[in-house]
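Residue numbers (the numbering used here): 42 to 477.
Just below is one structure, and these are the notes that go with it.
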Ligand code: SF4
C-alpha cells in the first residue's frame, strides 16, 4: 500500500473534497498517513479565492521540489481551484506530477497508477456531485463534520473566481445526503454542516419530485434528531422565509446564519453583481430576527472594491451598525484573473486606501462582536465540546447554538459532550464561563 498525504487549503468545501479524494484512493490500494513526512504521494488541495492563497501554495510546491531532489520517488499532485485556473502551467513546476480539478477526482487513482496516463484532468462537470462516494474522515475529527449538498455556483459575482474554477451549480441527490448524515450520527458524530457555495439555491428535481433547500433541511432534521445541523453559505437573494420557519420548528437546527453582504452601498452591490440591494438585505435580516429571535448572524465584507467611494464605505459601516453582526469575515478586494471585475473594471482604489477602510471595518466589527458577547454574560448556553482550549489544558472549548466559541474549565466533561455553560465573561472573539 502506497502512503499518501493530502494538504488542504481554503474553504470547508476543500476539506470535504479532500475526504472524497482520500476515500477514492483508500479504495484503490493507497493508504492515508497522518504526517506528510511519511508519504510517497503528496497531494495539495488548493484555493484561488485570493492572491495570497495561491502564493502560499506556490511556496509549498517549491518546498516539495526540494524534497523531491532528496527523494526522487516522491510524487506530487495539485488539486482544487488552482488546478482548474492554471491547468498545464502547473505541470511546468518541477514538483508537480499531476494536476486534477474539483470535478475530476475519479480519474486520480488511474492517473497515479500508470505513468502513461495524462497528467492533467481539469474538465468541469454539469453533473458530478460524488454522491456515491463515502468520504474518508480521519480519526482526528470525531465530533463535527461537513457534508457537501451541492457543487459549483451560477451567481457570477463580479469579484469571484469560484464559478470559473468550480463550474455550474448542481445539487446532490437528497437520499445520498440523508444516508451520509445518518451514517455520521451512527458513527458518533454530534454535528454536521451542510455545505454549498449558495445552499439556498439547492434544488433537486427527479420526475415529479422537487426538493428545495427548506425541504432538504427538514428532511435531515427529522432523520437525525440527535445531530446538530448547521449550513453554509447562504445568499441574501435566495434566503426565503420557508428556510427560517424550518429552522424555527426543529431544535436540532442551530440558530446561526452566515449571510454575506459584502457592501452596504447599492452602487457597489450592483457593480459586484450581487443581485440584491441594501434594503432587501435589511429585509432578510428583519425576517431572521422576527422568525428566529436571538439567531446568530455573521457575514462577509469586502473593502475597496472597484470605484468604491468614501461615501460607499460609510454606507457599509452604517449597515454594520444597523445589523450589529455577531461576527464577520473581512477582506480587502483582491482582483482575481478572468472574473467579471478583472475584465471590466479597473482596480482603482489605492492599496493603502483599501487597507485603511478594511481596518475601520475590522475595528467596528470588533466593537460589535464584543457588545454582542457582553450581552450573553449571565446567560446559560448549550455548548458542544469540540476540544481542549489552545490556551490551557485545563479548559475545553466548543460552540454555542448561535455559533459562538466558548471556553470553560474541563471538569469531568469530554469532547462530544453537550454541556450547559453559564457565561461569566468574554472577549470580542470568545465567551468564557462555567459548567452548570
Ligand atoms: S455566490 Fe458569488 S461570491 Fe459566492 S461563490 Fe457564488 S459567485 Fe462566488
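Heads up, the beta-carbon is just placed ideally off N, CA and C, and yes, glycines get one too.
It should be emphasised that the depicted structure is a prediction, and the values quoted were computed from it without experimental measurement.
Rounded to a whole number of angstroms, what is the C-alpha to C-alpha distance between residue i and residue j?
i, j, result
"residue 264", "residue 219", "7 angstroms"
"residue 141", "residue 159", "10 angstroms"
"residue 397", "residue 305", "17 angstroms"
"residue 251", "residue 45", "40 angstroms"
"residue 258", "residue 134", "44 angstroms"
"residue 262", "residue 233", "11 angstroms"
"residue 177", "residue 128", "26 angstroms"
"residue 41", "residue 435", "No answer is possible for residue 41: the residues shown for the chain start at 42 and end at 477."
"residue 472", "residue 115", "45 angstroms"
"residue 163", "residue 143", "7 angstroms"
"residue 403", "residue 454", "35 angstroms"
"residue 424", "residue 227", "21 angstroms"
"residue 148", "residue 428", "36 angstroms"
"residue 138", "residue 377", "26 angstroms"
"residue 151", "residue 260", "37 angstroms"
"residue 301", "residue 157", "45 angstroms"
"residue 314", "residue 278", "11 angstroms"
"residue 464", "residue 450", "12 angstroms"
"residue 422", "residue 459", "10 angstroms"
"residue 77", "residue 105", "10 angstroms"
"residue 91", "residue 51", "10 angstroms"
"residue 353", "residue 399", "13 angstroms"
"residue 208", "residue 49", "20 angstroms"
"residue 256", "residue 280", "14 angstroms"
"residue 392", "residue 195", "30 angstroms"
"residue 430", "residue 287", "33 angstroms"
"residue 420", "residue 130", "55 angstroms"
If you check the beta carbons only, do residue i and residue j fall under 8 angstroms apart?
i, j, result
"residue 445", "residue 337", "yes"
"residue 89", "residue 126", "yes"
"residue 47", "residue 84", "yes"
"residue 379", "residue 205", "yes"
"residue 341", "residue 413", "no"
"residue 61", "residue 200", "no"
"residue 211", "residue 193", "yes"
"residue 474", "residue 426", "no"
"residue 179", "residue 73", "yes"
"residue 42", "residue 70", "yes"
"residue 360", "residue 319", "yes"
"residue 118", "residue 87", "no"
"residue 136", "residue 109", "yes"
"residue 470", "residue 433", "no"
"residue 132", "residue 165", "no"
"residue 215", "residue 245", "yes"
Mind reading off the beta-carbon distance from residue i to residue j? Whole number of angstroms is fine, and I expect it under 8 angstroms.
i, j, result
"residue 448", "residue 461", "15 angstroms between Cβ atoms; not a contact."
"residue 344", "residue 374", "7 angstroms"
"residue 401", "residue 333", "Actually they do not touch by this definition, with Cβ atoms about 30 angstroms apart."
"residue 183", "residue 64", "Their Cβ separation, rounded to whole angstroms, is 17 angstroms, which puts residue 183 and residue 64 out of contact at 8 angstroms."
"residue 310", "residue 197", "At roughly 14 angstroms, the Cβ-Cβ gap does not stay under 8 angstroms, so residue 310 and residue 197 are not in contact."
"residue 123", "residue 95", "6 angstroms"
"residue 418", "residue 339", "So it is not a contact: roughly 20 angstroms between Cβ atoms."
"residue 173", "residue 217", "7 angstroms"
"residue 225", "residue 268", "7 angstroms"
"residue 82", "residue 153", "7 angstroms"
"residue 285", "residue 328", "6 angstroms"
"residue 383", "residue 406", "Actually they do not touch by this definition, with Cβ atoms about 27 angstroms apart."
Mind pulling the beta strand (DSSP E) runs of 3 or more residues that sit fully within the region 387-466?
Considered as a whole, the region 387-466 harbours 421-429, 436-441 and 446-450 as its complete beta strand (DSSP E) runs of no fewer than 3 residues, in chain order.
At a cut of 8 angstroms, does the region 440-458 reach the region 285-301 through at least three beta carbon pairs?
Three or more beta-carbon pairs separated by less than 8 angstroms link the region 440-458 to the region 285-301, which places the two stretches in contact.
Could you say if the region 341-350 and the region 316-329 meet the contact criterion of at least three C-beta pairs nearer than 8 angstroms?
Put simply, the region 341-350 does not touch the region 316-329. Fewer than three CB pairs are less than 8 angstroms apart.
At 3 residues or longer, what runs of the beta strand (DSSP E) sit wholly inside the region 261-331?
Runs found: 269-273 and 297-299.
Between the region 182-191 and the region 52-61, can you find at least three pairs of beta-carbon atoms closer than 8 angstroms?
Touching, per the Cβ criterion.
Per the contact definition of three or more C-beta pairs closer than 8 angstroms, is the region 270-285 in contact with the region 231-245?
Yes, the region 231-245 is in contact with the region 270-285.
Which complete beta strand (DSSP E) runs does the region 104-160 hold, if anything under 3 residues is left out?
For secondary structure counted as the beta strand (DSSP E) over 3 or more consecutive residues, the region 104-160 holds these complete runs in sequence order: 116-121 and 139-141.
Quick check for students: name the residue ranges of the alpha helix (DSSP H) that lie wholly in the region 188-232, counting only runs of 4 or more.
If one requires a minimum length of 4 residues, the alpha helix (DSSP H) runs lying completely within the region 188-232 are 203-207 and 215-227, in chain order.
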